[in-house]
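In our numbering, the protein residues as written are 1 to 106. Working notes, structure below.
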């Protein structure tokens, strides 16, 4: 595990005028060590077919804070990745496998 990532979670609060307002905050307060593997080979072609931009797989220590609504930032990259899926490997609460893709602005 030699890549550092920042994982941000969304909090919805009531903004001015009573409208909902989203704020993103760091879930762990610091960068998290993980193993980052970009999609390649057959996985890359399947991702392109499904229109997944810059897909990757992240393996990190288990935490129940990570969910599909999170955004993930790789080390010094300011563009976020969105979570496709979160898998507790072997359901042992030791490691998480997270599938991500580059977030596209709407």
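From the three backbone atoms N, C-alpha and C, an ideal C-beta is built for every residue, glycine too. Just so you know, these numbers come straight off a predicted model, no measurement behind them.
- Residue nearest to residue 56 within the set 10, 8 and 101 is 101 (criterion: CA-CA distance).
- If you draw a 10 Å sphere on the C-beta of residue 89, you find fewer than 16 other C-beta atoms in it, and that means exposed.
- Put simply, of 14, 64, 39 and 60 the residue whose alpha carbon is nearest the alpha carbon of residue 53 is 39.
- Residue 97 is a Cβ neighbour of residue 87, given a cutoff of 8 Å.
- Going by beta carbons, residue 25 and residue 8 fall inside the 8 Å limit.
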